[in-house]
Each structure stands twice: as structure tokens, then as C-alpha cells.
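Take a look at the structure below.
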Amino acid sequence: MISRLTCRHVSKLLKSHIVTHVRYIGFSYLSVSCAMGAVNDRENRSPAPKATAPSGKTTEHLTIHGRSITTRAAQSEDIVKGETLIARNVQSIFGLQYLTPSLQVTPQFASGQPGYTIRGLGFNDYASNNAAAVGISINGVAQTLPFLTGGLMADIATVTIHRGPQGYEGGRSVSAGLIDYRTYQPEAVPAYGARFQYGRFGSMVAEGHASGQVAPRWVSRISFESRQGGAWQVGPSGADFGKSDQSVARLINRIQLHDALTLSLDVHGLYDRSDGMGLHRFTPLTTMETNKRGPVLPADQDRRQTWWGTSPSFARMAGLQPGQKPFHHVSSGGGVFSLEEKFAGARLEAATGFDAGNRREYDNFGAAMEPVANVAFNTRANTLVQSLRLISTSSSRLHWETGLWFNHQTLSDQYLTGFAASYGFNRSVTYRQTGMTIAGFGRLRYDLTPTLSLNAAMRVDHENRALHDYRAYTHTLGGMITNPGNVLSSRSLTYTLPTGMIGLDYHPTSHLQFYASARRGMKSGGFTAYNSTNVALSTTPFRAEQLWAFETGARATLPAWHLTAELSAFYDDLHDEQVQSAILDPTVGLLGAIVNAPRAHISGGEFNLRWSPWQHVLITQGGGWAVGRFDDFTALFSAQRQNGVFVGTYQDKSGTHLPAPKLTLTGSIAYQIQLADWQVTPAMNYALRSTYRSLFGPLYNVNGYTIFGASLSVRPPHSHWVFAFFGDNIFNKQYDVDRNFFVAGDNVALAGMPASWGDASPVNSEGTPARPDISSRARRVRAFFLIAPFISLLLPLLVLEHRELTLFGVKSVFLWLFVSIPLTSLYLWAAERCLTC
Numbered sequence: 001m002i003s004r005l006t007c008r009h010v011s012k013l014l015k016s017h018i019v020t021h022v023r024y025i026g027f028s029y030l031s032v033s034c035a036m037g038a039v040n041d042r043e044n045r046s047p048a049p050k051a052t053a054p055s056g057k058t059t060e061h062l063t064i065h066g067r068s069i070t071t072r073a074a075q076s077e078d079i080v081k082g083e084t085l086i087a088r089n090v091q092s093i094f095g096l097q098y099l100t101p102s103l104q105v106t107p108q109f110a111s112g113q114p115g116y117t118i119r120g121l122g123f124n125d126y127a128s129n130n131a132a133a134v135g136i137s138i139n140g141v142a143q144t145l146p147f148l149t150g151g152l153m154a155d156i157a158t159v160t161i162h163r164g165p166q167g168y169e170g171g172r173s174v175s176a177g178l179i180d181y182r183t184y185q186p187e188a189v190p191a192y193g194a195r196f197q198y199g200r201f202g203s204m205v206a207e208g209h210a211s212g213q214v215a216p217r218w219v220s221r222i223s224f225e226s227r228q229g230g231a232w233q234v235g236p237s238g239a240d241f242g243k244s245d246q247s248v249a250r251l252i253n254r255i256q257l258h259d260a261l262t263l264s265l266d267v268h269g270l271y272d273r274s275d276g277m278g279l280h281r282f283t284p285l286t287t288m289e290t291n292k293r294g295p296v297l298p299a300d301q302d303r304r305q306t307w308w309g310t311s312p313s314f315a316r317m318a319g320l321q322p323g324q325k326p327f328h329h330v331s332s333g334g335g336v337f338s339l340e341e342k343f344a345g346a347r348l349e350a351a352t353g354f355d356a357g358n359r360r361e362y363d364n365f366g367a368a369m370e371p372v373a374n375v376a377f378n379t380r381a382n383t384l385v386q387s388l389r390l391i392s393t394s395s396s397r398l399h400w401e402t403g404l405w406f407n408h409q410t411l412s413d414q415y416l417t418g419f420a421a422s423y424g425f426n427r428s429v430t431y432r433q434t435g436m437t438i439a440g441f442g443r444l445r446y447d448l449t450p451t452l453s454l455n456a457a458m459r460v461d462h463e464n465r466a467l468h469d470y471r472a473y474t475h476t477l478g479g480m481i482t483n484p485g486n487v488l489s490s491r492s493l494t495y496t497l498p499t500g501m502i503g504l505d506y507h508p509t510s511h512l513q514f515y516a517s518a519r520r521g522m523k524s525g526g527f528t529a530y531n532s533t534n535v536a537l538s539t540t541p542f543r544a545e546q547l548w549a550f551e552t553g554a555r556a557t558l559p560a561w562h563l564t565a566e567l568s569a570f571y572d573d574l575h576d577e578q579v580q581s582a583i584l585d586p587t588v589g590l591l592g593a594i595v596n597a598p599r600a601h602i603s604g605g606e607f608n609l610r611w612s613p614w615q616h617v618l619i620t621q622g623g624g625w626a627v628g629r630f631d632d633f634t635a636l637f638s639a640q641r642q643n644g645v646f647v648g649t650y651q652d653k654s655g656t657h658l659p660a661p662k663l664t665l666t667g668s669i670a671y672q673i674q675l676a677d678w679q680v681t682p683a684m685n686y687a688l689r690s691t692y693r694s695l696f697g698p699l700y701n702v703n704g705y706t707i708f709g710a711s712l713s714v715r716p717p718h719s720h721w722v723f724a725f726f727g728d729n730i731f732n733k734q735y736d737v738d739r740n741f742f743v744a745g746d747n748v749a750l751a752g753m754p755a756s757w758g759d760a761s762p763v764n765s766e767g768t769p770a771r772p773d774i775s776s777r778a779r780r781v782r783a784f785f786l787i788a789p790f791i792s793l794l795l796p797l798l799v800l801e802h803r804e805l806t807l808f809g810v811k812s813v814f815l816w817l818f819v820s821i822p823l824t825s826l827y828l829w830a831a832e833r834c835l836t837c
């Protein structure tokens, strides 16, 4: 929630031509509302509590004429504030990719397991058992099993996207980057807030928080969030599909035993009973005809159309009801106990976190009512994380930190697939997996001169992963197992690998920073846990991914131009990159597997600009460019039977592009209008992504797309509430975010969200506001002129959404949205001139 203090701060930034650290892409309503919610200094209001700065992160602040840039030595990062997440209607981690350059988040085959890519480097796997190339952490604690978080973001103060290899300050070693969430922390000053949002397709969001002092030296904060509705897809017989049903809660207690020792306990839980994500057919489905099991099904003409259906045999295996909708169900909970103790010249931080949960999921990867490709997961897992860090606090030229990090995880998985209408059988995979990692790390910064610092880090990881009781069976439609001997008792992967970093950080003036770094990074190896008729072959472990990452960058502020600019360039030299491909079984042909590509490289860069050319106007622009190619990789392409055995055909992938968009752009413009004591802000924003080039061929390339958003918000004087109207994808761009195939002849795609809009009513309590004086006729006239455009904008939308009226082939609701927002902005501009003259 947006505190009154934050609102006042943002307003002052805008009024002094300061460009804030905000990047817009979709519609923004609450971060803009924050700027509108600022109050004049003459108003007698108590400030709201600030979120505490994230601990354990060494930062420097460069302040130039009121401008503040937070920097980290020798690496690139992007910080997104919680107010921006709300303003842009970012409800889960999938929307985060439209707020920052070079980040891509895609549901793997529309499953509940997201795939992350930063700077063109990522890891694609819909199974539950492998670590991602992009790490996730919450309040500094690594989330080693990301599916337990459910992708839901609640009570978030900041999200920091670190680019490039990470792990030198603890957490899991990752090769591509880290997404670090920091929630709001408890404070002694009492505060509470709530927000309700309603949007198109019946989507609703309700959230609230309360924070304050429980006893002397004991503060607490409790927060909750619930997301419901939003079924924007259409299933068989016109059934609504895609409904959210997610709830998350968090309780944080912090007790200061004495001036040097603080204890914290974070208890949290997630309950998700949402529908799945539906796929559509972008070519005719020929699988059943090829295997003489049914007719050809036509391609879908509407991206919102999706299908589901299963066989009685698969329903019995998976515990489903006939005709049941696909679903993504996650239940998880856990806690983190941490302490911080200060000594002379150093600070000790220790934390122990435990999380456990269940992933229960049913997906239709065939996009058909016939049981062409049904998939179900039933995963139970728990993870224990412990960290110990000792950090120097002296003011000498040498700053250092050292520590240990430990993780143990246990996973029990059941993975079922149904091919009744494609091949006439079903398959099951069951196994247990354990993993243990222990790492020691150290980092230092030495100030060579007052303007030049040397940064260095070292880390050593020892990891052991083991599969137990791996069973991969083929079942007849009657339930008989045809290959009972396809089992593996155990298999393990053990390695010890060093990583490190060295870099320079140069500040010739307080307005300018240069940095350069060389980093050695890695990502854990693992096992392929897919269907297989030869488990001894398919479970061959893939090696850890390693890389050398070279980066240089600069940050500058130009006060005379009211401009802040950030630039970076990078080159990654990859070894043993982990790629979703196939291996050859001489008896059955191709087996899906994750393999290592010996050599590849990626190069590119990012930029971010924040500019205030006129008072109350804010323009932001960000972009990323990443081009990667395989340098040495021979992939299995097909297999043909010769003399009773399968022989593989291989392709040399050297020079082939890595699968990621080359170009990502984000931008926004916002204008704050001061109408007497009322604050009004219209804004527009956009996001662009270039073509995603698939390793499976041009047919599966995802075309580039650009989506636009807009918002309009108003805060009355002396009020705790904000009225805000927002819209995402206002031109109703039709696009896909993923294209793939699960069985040959069945090409499916996951569509992006269509146009959506809604309104939100956030309320925050920060002191008792003075009652507005509305006795005068002039103030009533001002109120009428400000509220009228919102009524004229909202009411037609409520009617047009349920009508199928079109003009020139375009739905009238989109035309109204396109025309009404600029007209309303023009109206408000005219009202400003009239009411202030």
C-alpha cells in the first residue's frame, strides 16, 4: 500500500522536475495515484511509516540536487517499487517482465511452472525437480523451489532484478540473474490500509495490512491478499475459464532484545485453487488422423478459445472427475527465523527458513476435447535454508563480508500423461529426489582512492542431488502396466565448483558512475524427469551450467536537463548451457531430455532513461538488446528405424540463435495536474518485445508484439482514498506468449491477455486528515467538474462490455476506450485552466 509519506515524496519529486526510478509498461493507476496523493506542506497530517531498507545489501546513495540513485558496485540491476506493481496492475511474477528490460517469464506449456530468462539466458522445464537459471528470493531468503510461491506478489515494497551471475552474498548460485522481493516491514508507528479492485472479466483483488507496536521493543505487521475471478478464456460449450482463486497471508514479528540484538519471525502461507491456463491450436491437429485414431481437428480462429477433455482411464489414474476443468492448485506455508547482532566493527546475520507445500495440477497440453495430451502433477516438497553472514561495519577503506549458506530439499513427485486419443496408452513417472548444497563465500571492497573502488568475491559450492525409486511405466487403457521392469533404484550427481567476481567502481563526480566487472557463475545440474521407456538412459544427469560474464556500465544524472541515464553492455561466454532437447534410444527412438550445449555466447546491453522536460511531466524509457548463438552444439533432430533399431539424424546448431527475444522496450509518460486541492494524473505506457525464435523451427517462433496501457486517477483534498481507472492492452492486441508441441501434429499456443480495465479504491490511514471545507459553492463546482469525466468514462464501458456492437469491424468498447481517455485528459486540462484562472 502507498504510504502518505511516499506520496508526498513522489509529489515533491515531480514538482522539482525529478525523474523517479519507475518504469511503466501496462496501465498504471496507483503509482500515479501516489503522486496525486501527495499533500501540501501546510496540511497537518502524520507521515506514514517507511518500509525499512532491506538488510544485508551494501548500497551507496548519490544525491544531486534532490536526486537519489541507488547503486551496487560492478553490476547491473533494476529496482521496481511496490507502488508501481499496483499501479501497473501487476498481479503475479508473469507481469513483472513488462516493467523492466531483458526479463522474460513464460509458463512452460501453460503449466504452473514458470520459465525465467534474463539477457537471453534461462532454463525451460515444466517439471518440479530442477533449479532455474534465475533465482527467486524473498526478504533475502532463497526460494529453492519456486513453485511453492505460486507466482503471487503481496505486500511488496520493492523488487530488484539483478542481472548476470549471482550468489556471492549467499543464496543459490545462479547463472542468469536474481529476482529479489522485499516485503514491507513492521514499524512502531501504527498504520493500516486496504485496497479493493474490480476489473473486466469479473476480476477482483482485495488486500489489507496492519502494522504497529505490540509491546515495548516488539513490532508486528500482518498482511493478506486475495485475487478472484478474471476468467477471460472460453472453453467447450462457451464455459468461462481462467478463474483465479488465490490467497496469501504473512505475519512478521520483530523483537529488539537490546540495542545490539534483534530477532525476527516471518510466518507465511499460500492457498491457490485457480483454473489452469488454456492453450489454443494454431494449426490443424493431425495427430489422431496420423495414428488412425480420429479425424483432423481445425485450427482455432479465436485465441481465447481453449479445450479440455480426458479419458476414463487417465481420470482414474489422476483422481479426476470426467469433464473436469484443468487446474493449478498449490498449498504452501513456512517461516523464517532470523537474528541480527551488532559488534564493534561488524554485524552478524543468521537466518533459518523452512517451507513445505504441494503442487496439484491438471493440464491439457493437447488443446482438444479428445484425450490427445493430458498431463497431471502431484508434487510434495519441503526445503530448509540456513545462512550465516558476518559483515564489516567499520569506516576503513576495506569493507568485507563472509558467510556460509546451506540448503536441503526433499521432493516426492508423481507425473502422469494421457495419450488415449493419440497413441492408445497412458504413462506415469514417480520418484523421490533429495538435494543438499553447502557453500562458503566472501566478498570485499577496497577503496583505492576516494573515487575508485576494487570489488572482489569468491564462492565455492558443494552440491549433491540424488534420484530414488524412479519408476516410469506405460499403462494400457485398461490399467495394465506393460513395462514393470523400467525402474531405477538410485542415481546421484555430485560436484564442487568455484565461482567469483572482480570489478572496479569509479565515481569521478557525484553525478557520474562507471563500473566494470568479470564474473564466473554457475547453475546447478540435475535430472530429466519426463516419460521414458529407458530410465537408465533418460535419467543421465546433465552437468552444471557455467559461464564467464563480462559487463561494463555507467550511470549519470544531468540536473540541468532533469535527466537520469543508465547504460550497460555485457558479453557472456557459456559452457555446458542446459537446453531442452532429445536423446536417442535405439529401441524406441527419441526421448525428451535436458542436455548440455558445449559452447554458446550472448552479448547485448540495456539502457534506462528518466526525463522530466517540463514541470509535472515524467517520461521513462528502457530497453534491452540480447543476441545469443550456439558456438558448438549438435542436436538430435529425428530418428528412423533401420534393421530393427532406431538411428538418429543430427543437426549442427552452431550459429543458431538462442531462444529469446532480441529486443525489449518499455516506456511511459505521466502528467500531474494540480486542480486547486485536487490532484489528477493521466498516464500512458507501452511494452515491446521482438520475435522469439524457437529451437524447434520457424513454425514455433513467437511473433513480436507491442501492448499499450493508460490510466487516469484523482485524489480529492484531505482524503485517504484514491479513485483510479486503469486499462491494460487498450488496443486489444492479439498475440501469443508461447508456441510449442507436446505430441507430433498438435501445435499449440498460449495467448496473451486481451484488453482489460477496471477501477481500484485504495485506502491508507496515516494520521487523521482534516475535514475538507465543502461549504463554498466554488468547491462544489470544482468537485463536479473533476468527477464528471470519470462518470462519463466508466458508465459507457460497463454497458459496452456486454454488447457486441462493432464499428468498421472493431468492437465499440475498444473504440470508446481509445477515444475517451485522451478526451478526458483534454477535458481536465481545460478544467485546470478555467478553475485556476
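Counted from 1, the sequence shown has number 692 at position 692 by my numbering; the numbering is strictly sequential. Here a beta-carbon is modelled for each residue, glycine too, at the ideal position from N, C-alpha and C. This one's a predicted model, so the numbers in the text were calculated from it and none came from an experiment.
Segment contact: the stretch 110 to 119 against the stretch 489 to 506, fewer than three CB-CB distances shorter than 8 Å; contact not assigned. The C-beta of residue 744 has fewer than 16 other C-beta atoms within 10 Å across all chains shown, which makes the residue exposed. Shown here for residue 697: not one same chain residue has a beta carbon closer than 8 Å to its own, the five before and five after excluded. When DSSP states are grouped into helix, strand and coil, residue 560 belongs to the helix group. Per DSSP, residue 501 is one residue of the beta strand (DSSP E) stretching across 487 to 509.
Fewer than three pairs of CB atoms, one per stretch, sit closer than 8 Å, so the stretch 154 to 161 makes no contact with the stretch 186 to 204.
At the C-beta level, residue 135 and residue 174 come within 7 Å of one another. Judged by DSSP in its simplified three-state form, residue 288 adopts helix. Restricting attention to 577, 618, 592 and 615, the CA atom closest to the CA of residue 633 is found in 577. With 16 or more other CB atoms across the displayed protein chains lying within 10 angstroms of its CB, residue 180 is buried. Three or more Cβ pairs closer than 8 Å define a contact, and the stretch 506 to 516 meets that threshold against the stretch 555 to 575. Bridge partners of residue 114 according to DSSP: 107. Your pair residue 421 and residue 288 checks out as a contact, with CB atoms roughly 6 Å apart and the cut at 8 Å. DSSP places residue 682 within a strand segment (E or B) once states are collapsed to three. Contact fails between the stretch 385 to 398 and the stretch 356 to 370, because fewer than three Cβ pairs, one in each stretch, are under 8 Å apart. For residue 475, the closest C-alpha among the options 290, 642, 314 and 647 is that of 314. Only residues of its own chain outside the window of five on either side were considered, and among them 417, 427, 429 and 472 have a CB closer than 7 Å to the CB of residue 531, listed in chain order. The beta-carbon distance between residue 127 and residue 529, rounded to whole angstroms, is 5 Å. This is short enough to meet the 8 Å contact definition.
For residue 82, the uninterrupted alpha helix (DSSP H) run begins and ends at 82 to 87, by DSSP. Under the three-state reduction of DSSP, residue 528 is assigned to coil, being neither helix nor strand. For residue 512, the uninterrupted beta strand (DSSP E) segment begins and ends at 512 to 523. Rounded to the nearest angstrom, the gap between the Cα atoms of residue 486 and residue 522 is 33 Å. Taking the Cα positions, residue 99 is about 27 Å away from residue 560. In the DSSP assignment, residue 312 falls within the unbroken alpha helix (DSSP H) covering 312 to 318. Counting only runs of 3 or more residues that sit fully inside the stretch 426 to 489, the beta strand (DSSP E) segments are 452 to 475, in chain order. Between residue 164 and the set 755, 605, 477 and 640, the nearest pair of CA atoms involves 605. Inclusion of residue 186 and residue 221 in the CB contact set at 7 Å is warranted, their separation being smaller than that value.
Closest in alpha carbon position to residue 244, among 276, 737 and 182, is 276. Under the three-state reduction of DSSP, residue 282 is assigned to coil, being neither helix nor strand. A residue is called buried once 16 or more other Cβ atoms fall within 10 Å of its Cβ, and residue 183 is buried on that count. Its Cα nearest to that of residue 345, the residue 260 stands out among 260, 290, 90 and 332. Taking the CA atoms as reference points, residue 546 sits about 41 Å from residue 307. DSSP places residue 536 within a helical segment (H, G or I) once states are collapsed to three.
Secondary-structure assignment with DSSP links residue 349 through a beta bridge to 340 and 389. Under the 10 Å beta carbon count, residue 579 is surrounded by 16 or more other beta carbons and is classified as buried. In this structure, the straight-line span from the alpha carbon of residue 443 to that of residue 395 is close to 16 Å.
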